[in-house]
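Sequential numbering of the sequence shown, starting at 97, is according to our numbering.
For glycine and all other residues, C-beta sits at the position ideal for the given N, C-alpha and C.
Everything on this sheet refers to the single structure shown next.
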Amino acid sequence: MKGFLMIRRFARLCSAVALGTAMLTAGAVAPASAFAASAAVSAPSQLRSLPPQANVPSLDAGGPAGTVSYPPDGQRHPGPSTITIQAPPYTRIVGLDLQCTGMGCPVSIAPDGKSATAQLTAGTYDFIRPWIVHVVADIDAPLAGGTFSGTFTVDGVTQPLTVQITPGIQGIIAANLRNTSPSGGGVRVLAVDPGSNTAAAGLLTGDRIVEVAGILTPTVNDLDNVLSGKRSGATYPVTVDRGGTLVTLQIPLDPEP
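If you want it as structure tokens, here you go:
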């Protein structure tokens, strides 16, 4: 009888070992992602670092929007979260795409486009798709262009938001201009180039230009100094004396030949 009991106990032990082996074998081929997903849900990570932007767009002043993309880190993060963006100098934010799914993420862009904010409202969220900022370069950006940076901040973690603005073409008032006589009384318009932005804006032969962009222009040299470094296509107020009446025109500058 004792021998029979020992045989039964040994059989049960072998069965338990075989079952454990089978479970371990099954675990090796079961989706490890299920465990990883469970761990991710139970222990969301703090957003300790925001990946830097993936690209630096080249923007034409006054041209179409470009995009700045922040790649995902592939992690699950606690929410809600706040995003704040400051546009680089001489640019405006025209869109923010957070590619939200399954949660609210309201976006607010300032009327002047110089800043934007967004809220990620979920208790946790997976950062698995890029965040994309749409920006345009202002027409009055420096003529030489250059590299300009703003900021992209998530819950106090900040990365630069950097763009390149391409060089432009010097802008002019497309007209035959002369000093008044005696010099110092403004800039006389002898003729306006037909088909130009200047002509379309309403400058007429015989007008006397006395002020551009709020700066007095008593001579042609003064007018040239005001326009120096200003891009073709940018619009500026030009005040003229027209038969004794002051008239202010909005003139988009023509490209220098």
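From Pro207, Thr262, Asn151 and Thr197, residue whose alpha carbon lies closest to that of Thr220: Thr197
Let me know the secondary structure DSSP gives Leu312 once reduced to three states. strand
By the 10 Å Cβ neighbour count, where 16 or more other Cβ atoms means buried, how is Ala157 classified, buried or exposed? buried
Distance, Pro238 Cα to Val322 Cα: 14 Å
Can you give me the C-alpha to C-alpha distance between Leu299 and Ile235, rounded to a whole angstrom? 21 Å
Determine the burial state of Gln398: buried for a count of at least 16 other Cβ atoms within 10 Å of its Cβ, exposed for fewer. Absent from the model: residue 398. The displayed extent of the chain is 97 to 353, so no value can be given.
Starting from the C-beta of Thr276, find all residues in its chain whose C-beta is less than 8 Å away, skip the five residues before and the five after it, and write them out in chain order. Cβ within range, chain order: Gly282, Val283, Arg284 and Arg304.
Considering only C-alpha positions, which residue in the set Thr163, Leu345 and Ser177 is nearest to Val253? Ser177
8 Å Cβ shell around Thr117 - same chain, five flanking residues per side excluded: Reliability fails at Thr117, whose pLDDT of 39 lies under 50, so the model's placement of it is uncertain and the value that follows must be treated cautiously. Correct list: empty, nothing qualifies.
Range covered by the alpha helix (DSSP H) that runs through Ala295: Asn293 to Ala297 is the span of the alpha helix (DSSP H), which, as asked, contains Ala295.
May I ask which residues mark the beginning and end of the beta strand (DSSP E) holding Phe248? Gly242 to Val250
Which residues mark the beginning and the end of the beta strand (DSSP E) in which Asn151 is found? Careful: Asn151 lies outside any beta strand (DSSP E) and carries neither H nor E.
For the structure I just gave you, are there three or more beta carbon pairs, one from the stretch 202-219 and one from the stretch 254-271, closer than 8 Å? Taking one beta carbon from each stretch, the stretch 202-219 and the stretch 254-271 have fewer than 3 pairs nearer than 8 Å; the two do not touch.
Local Cβ density within 10 Å of Cys110, reported as buried at 16 or more and exposed below that: Confidence at Cys110 is low in this model, with a pLDDT of 44, below 50, so its placement is unreliable and the value that follows should be read with caution. Per the 10 Å Cβ criterion, exposed.
Out of Asp208, Gly267 and Ile181, point me to the one whose CA is closest to Ser292's CA. For the options Asp208, Gly267 and Ile181, the alpha carbon positioned closest to that of Ser292 is the one of Gly267.
CB Ala295 to CB Val288, shorter than 7 Å? yes
Segments assigned beta strand (DSSP E), at least 3 residues, entirely inside the stretch 160-204: 162-166, 172-174, 177-182 and 187-193
Please state if the CB of His230 and the CB of Thr163 are separated by a distance shorter than 7 Å. yes
Over the uninterrupted beta strand (DSSP E) stretch that includes Leu349, give me the two end residues. Careful: Leu349 lies outside any beta strand (DSSP E) and carries neither H nor E.
Leaving aside the five residues before and after Val232 along the sequence, list all residues of the same chain whose C-beta is less than 6 Å from its C-beta, in chain order. Ala161, Arg188 and Val190
First and last residue of the beta strand (DSSP E) that includes Ala237? In the DSSP assignment, Ala237 falls outside any beta strand (DSSP E) and carries neither an H nor an E.
Thr335, buried or exposed, once every other Cβ within 10 Å from all chains shown has been counted against 16: buried
Quick one: grab the DSSP three-state call for Ala135. Any reading at Ala135 is ruled out, since the residue's pLDDT is 39, under 50, leaving its predicted position unreliable.
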